[in-house]
């Protein structure tokens, strides 16, 4: 019963998140200079210089070279600690290299609508424990769908598919509606439920990868110190080397040496494919941050590939706006199925309670 | 034996078709591009269309 409330919370907060990009672009629009579509990307090194000039005491933790909007974000903080309260970002125009916005630290930014929905949907403001808790709720969601499918059989023995007995009691009408809506959307519910659970596992899965594969790779380089940021080789050169090494892919982010989610000695560049499906599959690459030479292209393990494929199947953001609208409609059906499920459960409990009361009453009456 | 088979088909036939069509729609937009998008949209619209059709049909039947 309580867990149905959490499932409803997931369905309701998920609804606006389907249109996350549209809503965010509408509430917090960035106005980019109008430039021809084929304007080349600006050199990354001057952007880094500008970031250091503005915050000489801070380190650059990573960079994002957006493939969606013409922006490059530089992430900085006083330290490499992942939860540094002063972590912030600088937004540059990717083509002109001009600073667009020097953002406040993430902790001090006002809560946005989408941010609030995301927290309620993903971790209830509790990071990993919240993620695991909602992941557990997701598992219960999947179990309840499966049990619903199993119960569908006996309920439908004497009924044609899709029968809704509007002429009968309210309970039967809603039982039929619950069955029809649930069974018609069952596969979508299962896919979104299972991929949601997998997405909630992303922190532990990446953690597992870090302490196994990544650790194994970095052991070879053990002993050398983290290079200071003014000793780093050109980020632009590393970026170009990565794109040259992986033709047909584009680099969208660069993790600087020293970052907890990177390597102490390398730039970690994340490249992805350009086709709709391959753009969901990332390939990380290590480039020595002192020599600028390619160290290694890393093959992601199967469980991270599974996670990558789970993302679009949960978000519904991979088939244009009509698919997003369909996602919202399916979500609305899911909400009706959940609420009618609770209603049926309450009514049936009341039915048995009344039944036992009556028996009790009749027994005492006959004595 | 044969009677049982019929009832299994009667109960699970339509749900199985809808499930397969949904799965087909989900995957065709993921793996394909271009004309696969409208195919995916059509496939995913079908289960929702069936819901609306059935509700409409049975509501009208009640009025008759």
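Chains as they are written, first to last, in the working numbering: chain A, 1 to 367; chain B, 1 to 64. By construction, the Cβ of each residue, glycine as well, lies at the ideal position given by its N, Cα and C atoms. None of the values given here were measured: they were computed from a predicted structure.
*asked:* Strictly under 8 Å for the Cβ-Cβ distance: is residue 62 of chain B near chain A by that measure?
replied: Residue 62 of chain B sits at position 62 when you count from the first residue of the second chain. Closer than 8 Å: yes.
_Straight-line Cα distance separating residue 46 of chain A from residue 64 of chain A_ = By one-based count along the first chain, residue 64 of chain A stands at place 64. By one-based count along the first chain, residue 46 of chain A stands at place 46. In a straight line, the C-alpha of residue 64 of chain A is about 15 Å away from that of residue 46 of chain A.
*Rounded to the nearest angstrom, how far is the Cβ of residue 252 of chain A from that of residue 272 of chain A, given a contact under 8 Å?*
Position 252 of the first chain, counting from 1, holds the residue named residue 252 of chain A. Position 272 of the first chain, counting from 1, holds the residue named residue 272 of chain A. Their Cβ separation, rounded to whole angstroms, is 6 Å, which keeps residue 252 of chain A and residue 272 of chain A in contact under 8 Å.
_Continuous alpha helix (DSSP H) stretch holding residue 60 of chain A: start and end_ = The residue you call residue 60 of chain A lines up with position 60 of the first chain. Taken as a continuous stretch (DSSP letters only), residue 60 of chain A belongs to no alpha helix (DSSP H), being part of the beta strand (DSSP E) at 59-65.
*Count the other CB atoms within 10 Å of the CB of residue 50 of chain B; is the residue buried (16 or more) or exposed (fewer)?*
Counted from its first residue, the second chain places residue 50 of chain B at position 50. The residue is buried, with at least 16 neighbouring Cβ atoms inside 10 Å.
_Along the chain, where does the alpha helix (DSSP H) containing residue 50 of chain B start, and where does it finish?_
Counted from its first residue, the second chain places residue 50 of chain B at position 50. Counting along the chain, the alpha helix (DSSP H) containing residue 50 of chain B begins and ends at 36-63.
*asked:* Buried or exposed for residue 59 of chain A, going by 16 or more other Cβ atoms inside 10 Å?
replied: Walking along the first chain from the start, residue 59 of chain A turns up at place 59. So residue 59 of chain A counts as buried.
*asked:* Could you check whether residue 55 of chain B and residue 164 of chain A sit closer than 8 Å to each other, using their CB atoms as the reference points?
replied: Indexing the first chain from 1 puts residue 164 of chain A at position 164. Indexing the second chain from 1 puts residue 55 of chain B at position 55. Yes; because the gap between Cβ atoms is below 8 Å, this pair is in contact.
*Would you mind sorting residue 230 of chain A into buried or exposed? The rule is 16 or more other CB atoms within 10 Å of its CB.*
The residue given as residue 230 of chain A occupies position 230 in the first chain. It is exposed - the Cβ of residue 230 of chain A has fewer than 16 other Cβ atoms within 10 Å.
*Would you please state the rounded distance, in angstroms, between the beta carbons of residue 119 of chain B and residue 184 of chain A? I believe it to be under 8 Å.*
The first residue shown for chain B is 1 and the last is 64, placing residue 119 of chain B beyond what the model contains.
_DSSP three-state assignment for residue 74 of chain A, whether helix, strand or coil_ = For the purposes of this step, residue 74 of chain A is taken as the residue at position 74 of the first chain. Note: residue 74 of chain A maps to strand in three-state DSSP.
*Three or more C-beta pairs below 8 Å linking the segment 73-89 of chain A and the segment 102-109 of chain A*: yes
*Opposite residue 90 of chain A in the DSSP bridges: which residues?*
Your numbering for residue 90 of chain A matches position 90 in the first chain. In the DSSP output, where bridge partners are listed per residue, residue 90 of chain A has A/74 and A/102.
*Going straight from the alpha carbon of residue 217 of chain A to that of residue 198 of chain A, what length do you get?*
As a position in the first chain, residue 217 of chain A is number 217, starting the count at 1. As a position in the first chain, residue 198 of chain A is number 198, starting the count at 1. So the alpha carbons of these two residues sit roughly 26 Å apart.
*By Cβ distance, which residues of its chain are closer than 7 Å to residue 310 of chain A, with the 5 residues on each side in sequence left out?*
Taking the first chain and counting its residues from 1, the one referred to as residue 310 of chain A is at position 310. Cβ neighbours of residue 310 of chain A beyond the five flanking positions: 195, 198 and 199.
_Contact list for residue 157 of chain A against chain B, beta-carbon separation under 8 Å_ = In the first chain, residue 157 of chain A corresponds to position 157, counting from 1. Per Cβ cutoff of 8 Å: 7 and 11.
*Tell me whether the beta-carbon of residue 57 of chain A lies closer than 8 Å to the beta-carbon of residue 71 of chain A.*
Residue 57 of chain A sits at position 57 when you count from the first residue of the first chain. Residue 71 of chain A sits at position 71 when you count from the first residue of the first chain. Taking 8 Å as the Cβ cut-off, residue 57 of chain A and residue 71 of chain A do not qualify as a contacting pair.
*Write down every uninterrupted run of the alpha helix (DSSP H) in the segment 92-164 of chain A whose length is 4 residues or greater and which is fully enclosed by it, in chain order.*
113-122 and 127-155
*If residue 323 of chain A sits next to residue 41 of chain B, beta carbons under 8 Å apart, how far is it from one beta carbon to the other, in whole angstroms?*
Counted from its first residue, the first chain places residue 323 of chain A at position 323. Counted from its first residue, the second chain places residue 41 of chain B at position 41. About 6 Å separates the two Cβ atoms, so the contact holds.
*Residues of chain B with CB under 9 Å from residue 322 of chain A, in chain order?*
Sequence index remark: in the first chain, residue 322 of chain A carries index 322 (1-based). Residues of chain B passing the Cβ test: 37, 38, 40, 41, 44 and 45.
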